[in-house]
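Let me begin by presenting the structure, written as structure tokens, before commenting on it.
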Amino acid sequence: MSDSHDPYGSDTDADDEYERYDEPYDDEIVYDDDDGEYVYIPREMGIVRKGMVVFAVFAVVVVGLVGVAGWWAVSQVRGTGQTGDEVTLSVPTGATLTQVSSLLEEAGVIENGTIFRYYGKWKGLESVKAGQYDDLYQGMALDDVIVRLQADPLPEQFIDVNFPEGMTFAAMHSKILNSFPQMTDAELVNAEAAAVAGATKYHTPQQPLEGFLFPATYRVQESAIADEGALLGQMMTKFDQVADEVGLADAPTKLSGVAGSREVTPYEALIVASMIEKEAKVDEDRAKIARVIYNRL
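Going by my numbering, the first residue of the sequence shown is number 203, and it counts up by one from there.
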């Protein structure tokens, strides 16, 4: 009897062959003349299997990206690990956590202000008190920065500036610049222009500031020096307080008739008072000078 080959073999052989593969129906049975046996040739990958492969590759990429992002975030929180130069941070009044984060990033204390803002909120840092903060270093860990900002700032430092009575507006301008060297003339001029455009109880927009800056001694916080209008605002507020005390608002009634039928406004009364202060050598001269001026009105 000649040898013959059953192209499908016995049932037992087929079962054994199929058990070697998880998905036998994806393979094709082919007789190998060289080896003298039947072998399985994998067919082209099906759509389902392709999808599984693509998903697996995508998952690996995502895990890798998450790992890199996590490593980057941790490095931001831990800082550079090398302490750099010390930084004194000045936090202005009313500064938000976003603004403080930007100041820290600009100073090199932290690398990313956005990371610090979210991490700070997670750690309970909702706001930062205004003032000066020392013991901050470039490349600090975020936890150390948060601890420092949650503590109190340095004790506030003040600068006293005195404006004597009779001081002209030009002299006051020079005195402010001499008292605060970090303030430029252009910055002060802009602040004065803003004050001229503004209004208070007695000052109306576009009136000159001459006469509305009350001469006295003013204490200014160092942290507020950057606000050129702060001192001018104090001086104008002080003027309003003193004007209320002396009854400047009642000038039209109190001075009724001194200028004939013409009503004297509070601002005119202020100008006349300034002229009297400038011209009178002794107290007895004040009444005479006042009568002359009001008669001319």
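Cβ coordinates follow ideal geometry from the N, Cα and C atoms, glycine included.
On the DSSP bridge assignment, give the partners of R421 in chain order.
DSSP lists D362 as partners of R421.
Could you tell me if the beta carbon of S381 falls within a distance shorter than 7 Å of some heavy atom in the ligand FAD?
The ligand FAD is not part of the structure shown, which contains no ligands of any sort.
Measure the alpha-carbon distance for E423 versus K440 and round it to whole angstroms.
Strictly speaking, residue 423 in this sequence is Gln, with Glu absent from that position. Cα-Cα distance, rounded: 17 Å.
I'd like the span of the beta strand (DSSP E) that includes E292, first residue to last.
Reading off the sequence, residue 292 comes out as Ser, not Glu. Taken as a continuous stretch (DSSP letters only), the beta strand (DSSP E) holding S292 covers 288 to 293.
Using alpha carbons as the reference points, say which of D446, A418, V448, G449 lies closest to V434.
In the sequence on display, residue 434 carries Leu and not Val. Measuring from the Cα of L434, the nearest candidate turns out to be A418.
Counting along the chain, where does the alpha helix (DSSP H) carrying G315 start and finish?
315 to 324 is the extent of the alpha helix (DSSP H) around G315.
Do you know offhand how far V448's Cα is from T370's?
Taking the straight line joining both Cα atoms gives about 22 Å.
Give the single residue among Q334, A482, S304 whose Cα lies nearest to the Cα of S292.
The residue with the shortest Cα to Cα distance from S292 is Q334.
Report yes or no: do three or more beta-carbon pairs, one from the segment 323 to 339 and one from the segment 289 to 303, lie closer than 8 Å?
Output reads yes: the segment 289 to 303 touches the segment 323 to 339.
With distances taken Cα to Cα, identify the nearest neighbour of E412 among A397, M385, K403.
Of the listed residues, the one whose Cα sits closest to E412 is A397.
State the Cα-Cα distance for the pair I495 and Q408, rounded to the nearest angstrom.
Approximately 24 Å between the Cα atoms of the pair.
For E394, count neighbouring C-beta atoms within 10 Å of its own C-beta (all shown protein chains included) and say buried if the count is 16 or more, exposed if not.
Classification for E394: buried.
Using a 10 Å radius around the Cβ and a threshold of 16 neighbouring Cβ atoms, would you call A453 buried or exposed?
It counts as buried.
Taking only beta-carbon positions, decide if P410 is within less than 8 Å of chain B.
Included in the structure is just one protein chain, with no chain B present.
Helix, strand or coil for Y469 per DSSP?
Correct three-state label for Y469: helix.
Roughly how many angstroms separate the alpha carbons of F318 and L356, rounded to a whole number?
Near 22 Å, if we compare the C-alpha coordinates of L356 and F318.
Just the Cα atoms here: how many angstroms apart are R280 and G326?
In this prediction, R280 has a pLDDT of 49, which is less than 50 and means its spatial position is unreliable; what the coordinates show is noted afterwards. Roughly 18 Å separates the two Cα atoms.
Does DSSP put L338 in a helix, in a strand, or in coil?
Residue state, collapsed to three classes: strand.
Assuming E430 contacts M385 under a Cβ cut-off of 8 Å, what Cβ separation, rounded to an integer in Å, is found between them?
About 6 Å; that satisfies the 8 Å criterion.
DSSP state of E239, grouped into three classes?
Strand at E239.
Quick test of your reading: V444 and F416, contact by CB under 8 Å. State the CB separation rounded to the nearest angstrom.
Yes, V444 and F416 are in contact; Cβ-Cβ is about 6 Å, under 8 Å.
I'd like the list of long-range same chain contacts for A482, defined as Cβ closer than 8 Å, with 5 residues on each side in sequence excluded.
Excluding positions up to five away in sequence, the list reads R488, I491.
Which one of Y321, N364, G368 has the shortest CA to CA distance from D346?
Residue Y321 is the option with its Cα nearest to D346.
So, with DSSP's three-state summary, where would you put G310?
G310 falls in the coil class under three-state DSSP.
Would you report the Cα separation of L472 and H405, rounded to the nearest angstrom?
Cα-Cα distance, rounded: 11 Å.
Let me confirm a value: V466 is counted as buried when at least 16 other C-beta atoms fall within 10 Å, else exposed. Which label applies?
With 16 or more other Cβ atoms within 10 Å, it is buried.
Using 8 Å for Cβ pairs, my map puts L344 next to I312. What's the rounded Cβ distance?
Correct: roughly 7 Å between the Cβ atoms.
Work out the CA separation of V474 and S463 for me, nearest whole Å.
C-alpha separation (whole angstroms): 17 Å.
Going by other Cβ atoms of all chains shown within 10 Å of its Cβ, with 16 needed for buried, is F382 buried or exposed?
Under this definition F382 is a buried residue.
Quick one: is N364 buried, meaning 16 or more other Cβ sit within 10 Å of its Cβ, or exposed?
Flag for N364 reads exposed.
Output the boundary residues of the alpha helix (DSSP H) element that contains E486.
Where E486 is concerned, the enclosing alpha helix (DSSP H) stretches over 486 to 498.
According to DSSP, simplified to helix, strand and coil, what is G400?
Residue state, collapsed to three classes: coil.
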